[in-house]
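Residue numbers (the working numbering), protein chains in the order written: chain F, 3 to 536; chain L, 3 to 536. Where is the CB? At the ideal position from N, CA and C, for every residue including glycine. Bear in mind the structure is a predicted one, so any value in this text is a computation, not a measurement. Read the structure below first, then the notes.
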């Protein structure tokens with residue numbers, strides 16, 4: 003999420019989510035901390051969107067509940083957003099405004115937004131030029147330059163050139179692939195690979211890709227039509243996107259090609275292709291279930307060709323490998339990453355970024371969207387092209403880049419960062435809860451319960467010890483017995499010393515028992531003493 | 003670990019460990035289940051080793067405690083093993099026999115083992131031909147074919163050819179890189195890249211790589227000598243390997259080059275190189291500490307060149323990225339994977355595997371060492387070279403391949419699999435404990451304690467509820483209060499129905515409270531009811 007502010011007006015660009023890091027145990031989603039928007043609610047004029055990926059629109063249901071301002075986006079982007087807003091029950095209370103990839107809109111007193119078409123791994127992606135009284139900012143969105151795009155429309159360089167001729171203050175450019183030399187390959191390349199797979203496959207084809215990659219899905223439909231196969235769509239998000247994209251005209255499905263999952267049994271293996279979710283090895287996804295043989299309706303048959311038309315997103319490598327291994331074990335022939343041309347990126351490589359910088363000729367460069375290392379690489383590209391080092395900004399989350407007449411600088415920061423979503427809870431899980439989950443996950447917990455007599459602290463019942471996630475119960479009986487003695491001794495000692503405060507008793511139990519367990523097991527389970535009184 | 007058995011004799015090859023999978027929460031190491039060896043102790047003649055990597059010798063301290071049989075390995079392999087046995091306090095009770103890379107040894111009545119040199123990412127790696135009355139088996143160990151190895155010794159194809167002329171029953175070959183076309187690059191390539199980095203670096207160089215890659219470390223020492231830099235070795239395993247390798251003559255360190263970490267301050271930045279652990283972004287390693295600015299002695303200085311001469315092992319990608327991002331943030335110039343020639347694999351690619359198969363000309367092929375997908379690729383290579391499909395085996399862990407006069411087949415399996423090591427516990431953490439840790443890690447725990455009157459089940463104290471890893475305590479007060487009421491109501495209902503069994507009461511509490519919490523939070527914390535009696 004980016005915020006452009008001029009005097010009393012704020013324009014918001016995108017509102018994405020990220021998926022939890024490995025150490026965010028039990029967390030479902032991570033959304034931006036948008037306190038700055040709720041604190042400045044009256045300033046916010048609108049939210050403008052670049053494209054419909056989760057990391058650009060996924061947090062909007064949460065944002066719009068508190069910051070209900072008009073949203074502007076292209077047709078498919080809004081189509082995908084609508085589904086989310088419906089699920090959250092706020093669709094009818096939000097104003098959605100459809101724009102064209104060549105629209106120019108005026109927002110508030112100060113902002114003019116000129117959209118321009120960019121190529122990306124989802125249709126209807128746009129970048130935008132935001133003209134303010136202080137100058138024009140160009141935000142590329144996520145982009146690449148595809149000279150042979152599936153829908154025939156390339157990144158709109160003539161419009162970008164036209165806008166840039168007026169002079170551009172700052173370029174905010176997608177740095178995701180700034181490490182990669184050369185040019186990113188065209189989506190058409192994947193189409194060619196898919197077509198070749200269709201030509202050769204003798205039995206069923208099962209193809210997994212990102213649900214939002216509508217162009218790739220289109221190419222699968224095209225090959226299916228060409229080789230006379232029926233297409234069956236599988237997996238919740240895949241069904242959802244195929245429905246929205248074909249309703250809105252972004253997916254062209256020949257009549258009679260699409261069949262129901264229930265009907266695949268009616269066709270011979272060589273007459274069918276399944277398009278499915280699960281290209282990231284997600285444990286609950288359709289392809290993973292097939293690989294584990296617990297899909298309700300599809301069983302992998304030896305001779306199936308399974309195509310994973312995607313690269314693993316960083317962090318998913320092992321899940322994807324597991325799925326591939328399991329598919330091979332069930333006798334499928336699996337085509338994946340190791341075959342070139344089965345996936346291409348949606349982000350610009352070095353030479354494309356240079357081209358963008360050359361056309362825009364910005365005074366200031368702000369690499370965005372990548373990890374820090376990617377931003378650094380784009381900064382280096384910028385430097386190599388003559389942008390002064392001082393004119394390139396690598397802001398942290400929340401940093402404010404202030405542009406004044408003759409200079410720009412990082413001028414402090416506003417509240418920003420992550421909000422963790424766990425179930426229905428938004429922001430109720432923080433560092434303490436995560437630290438506890440971490441400790442619980444490593445060595446489990448021992449609960450020590452003891453009932454004391456009021457006043458005397460004489461033990462009336464217990465100590466009882468219950469453990470979970472620590473050791474096998476049947477193997478730990480002796481250990482538990484010894485632990486009870488340790489607790490009794492700690493309490494006796496406290497009584498001898500006339501220590502009566504429960505907090506003190508609990509510390510004594512925790513310390514003594516923790517030490518004793520570590521000596522015996524080299525583990526540090528959480529110890530939770532509970533004292534009752536009668 | 004592989005077992006070769008003939009009549010009443012067993013020969014064991016290697017005994018490695020693996021690092022825990024993501025779902026093995028809190029586990030330190032995974033070793034093979036070697037019950038088959040303890041069950042057949044008198045049959046076991048010896049353990050022969052291919053090389054000194056953890057995944058080939060790491061489980062031996064555990065194995066040798068119960069299966070104390072003579073070990074055969076090359077000098078460096080045994081040098082590395084010795085350190086482990088010393089830590090476990092069993093060095094003096096184990097017989098270690100040093101072999102040469104061209105040794106032939108007789109083991110028991112039936113086995114003749116002919117070692118042969120192979121190239122790998124650690125010196126002194128060997129493969130072996132094991133001749134039994136039933137024929138000869140060739141086990142490649144981990145290998146590649148390096149035509150320009152750092153130590154001048156290539157994989158010993160003349161010896162392999164000689165042995166193979168007598169006819170080879172089965173080839174067990176390293177499949178790790180069977181997906182990769184062409185040839186794996188020479189380790190010398192990395193030397194060239196490192197040398198170029200030394201030529202250009204204007205300040206300190208900090209280089210991280212695998213501690214066991216002694217050849218790569220040698221090349222760093224060579225470049226340091228050439229460009230007049232002192233070398234400082236950093237990180238426990240790096241110091242350990244450098245000591246062992248230089249003592250045993252595998253690492254040639256020019257006099258005066260090595261300096262102490264304490265003394266780096268005495269030199270100018272351009273006069274120093276640090277070799278360090280942490281190439282995998284391991285949280286406690288030296289490089290990660292530097293990146294996080296919590297290394298006790300080394301602070302990253304803007305202008306440092308940090309070189310990560312390694313690829314991330316699958317599963318470590320995000321840790322490595324995090325380290326790189328943090329190093330960039332501290333102003334270092336970081337050179338890593340995205341630069342070609344900074345790492346090469348130690349495993350044979352497709353063309354090398356073909357060469358091995360062509361020289362050995364085995365009757366049977368058994369792909370080993372890789373994931374299943376890698377084994378499948380090697381199987382395909384074998385098929386493409388004319389080995390009959392029925393003569394290629396892809397056994398599961400524990401499967402027995404039985405070779406008889408004219409055929410081979412998978413003939414059942416023996417007990418095998420994983421044993422989890424957690425602290426001092428070997429095998430005391432199993433599925434139930436892991437399942438509990440998983441649940442605890444996702445949504446935490448609620449402990450419900452209540453003291454009942456003997457006989458009447460009247461509530462005498464409580465219910466008290468303590469939670470960890472569930473929600474912030476200050477935000478959950480209301481929820482906890484409501485939960486207590488739910489518990490009291492469940493217990494009242496049980497008393498009304500005259501249900502007195504504690505197990506029943508606990509089920510009632512767990513069900514009612516679980517339902518209530520899920521409705522309110524969409525989370526499923528572990529609920530642990532504890533009943534005391536007075």
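Opposite residue 377(L) in the DSSP bridges: which residues?
For residue 377(L), which the question treats as bridged, DSSP gives no partner whatsoever.
Using beta carbons (cut-off 8 Å, strictly below), is residue 291(F) in contact with chain L?
no
Using 8 Å as the threshold, is the C-beta distance between residue 177(F) and residue 379(F) below it?
yes
Would a check of beta-carbon distances place residue 346(L) closer than 8 Å to chain F?
no
From residue 459(F) to residue 509(L), what does the alpha carbon distance come to, in whole angstroms?
31 Å
Listed in chain order, which residues of the segment 442-462 of chain L have Cβ atoms closer than 7 Å to some Cβ of chain F?
442, 443, 444, 445, 446, 447, 449, 451, 453 and 462
What would DSSP say about residue 223(F), mapped onto helix, strand or coil?
helix
Bridge partners - residue 75(L), DSSP secondary structure assignment:
100(L)
Do residue 65(L) and residue 36(L) have their beta-carbon atoms positioned less than 8 Å apart in this structure?
yes
At the level of alpha carbons, what is the spacing between residue 220(F) and residue 123(F)?
12 Å
Say whether chain F places a C-beta atom closer than 8 Å to the C-beta of residue 331(L).
yes
Residue range of the beta strand (DSSP E) that includes residue 236(F):
232-236
Taking C-alpha atoms, which residue in 290(L), 375(L) and 287(L) lies nearest to residue 329(F)?
375(L)
Determine whether the beta carbon atoms of residue 204(L) and residue 305(L) lie at a separation below 8 Å.
yes
With 16 other Cβ atoms within 10 Å as the buried cut-off, status of residue 360(F)
exposed
What residues in the segment 356-390 of chain F have a beta carbon less than 7 Å from any beta carbon of chain L?
373, 374, 375 and 378
Beta-carbon neighbours of residue 473(F), restricted to chain L and to distances below 8 Å
427, 430, 431 and 435
Is residue 99(F) close to chain L? Criterion is C-beta to C-beta, closer than 8 Å.
no
Determine the contact status of residue 31(F) and residue 436(F), defining contact as a CB-CB distance below 8 Å.
no
Residue-level contact to chain L via CB, residue 284(F), 8 Å cutoff
no
Can you pull the chain F residues whose beta carbon is under 7 Å from the beta carbon of residue 523(L), in chain order?
425, 426 and 427
Simplified DSSP state of residue 388(L), which is helix, strand or coil:
coil
Beta carbon proximity, residue 320(L) to chain F, threshold 8 Å
yes
Kindly list, in the order they appear in chain F, the residues whose Cβ is closer than 8 Å to that of residue 316(L).
319, 320 and 323
What number of angstroms, rounded off, separates the C-alpha of residue 81(F) from the C-alpha of residue 211(F)?
20 Å
Report yes or no: is there a C-beta of chain L within less than 8 Å of the C-beta of residue 176(F)?
no
Would you call the segment 516-535 of chain L in contact with the segment 433-447 of chain L, where contact means no fewer than 3 C-beta pairs closer than 8 Å?
yes
Residues in its own chain within less than 7 Å of residue 354(L) by CB, not counting five upstream and five downstream?
146, 147, 185 and 186
Residue 187(F) CB to nearest chain L CB: under 8 Å?
no
How would you list, in chain order, the residues of chain F whose beta-carbon sits under 8 Å from the beta-carbon of residue 354(L)?
Per Cβ cutoff of 8 Å: no residues; residue 354(L) is ~16 Å from chain F at best.
Quick check: what's the CA-CA separation for residue 120(L) versus residue 162(L)?
10 Å
Tell me which residue opens and which closes the alpha helix (DSSP H) that residue 66(F) is part of.
62-68
Name the two residues that bound the continuous beta strand (DSSP E) containing residue 341(F).
No beta strand (DSSP E) contains residue 341(F), which DSSP labels as neither H nor E.
Looking only at its chain, what residues have a beta carbon closer than 7 Å to the beta carbon of residue 492(L), apart from the 5 residues adjacent to it on each side?
510, 511 and 514
CB-CB under 6 Å to residue 297(L), same chain, minus the five flanking residues each way: which ones, in chain order?
291
Give me the Cα-Cα distance between residue 156(L) and residue 189(L), rounded to the nearest whole angstrom.
12 Å
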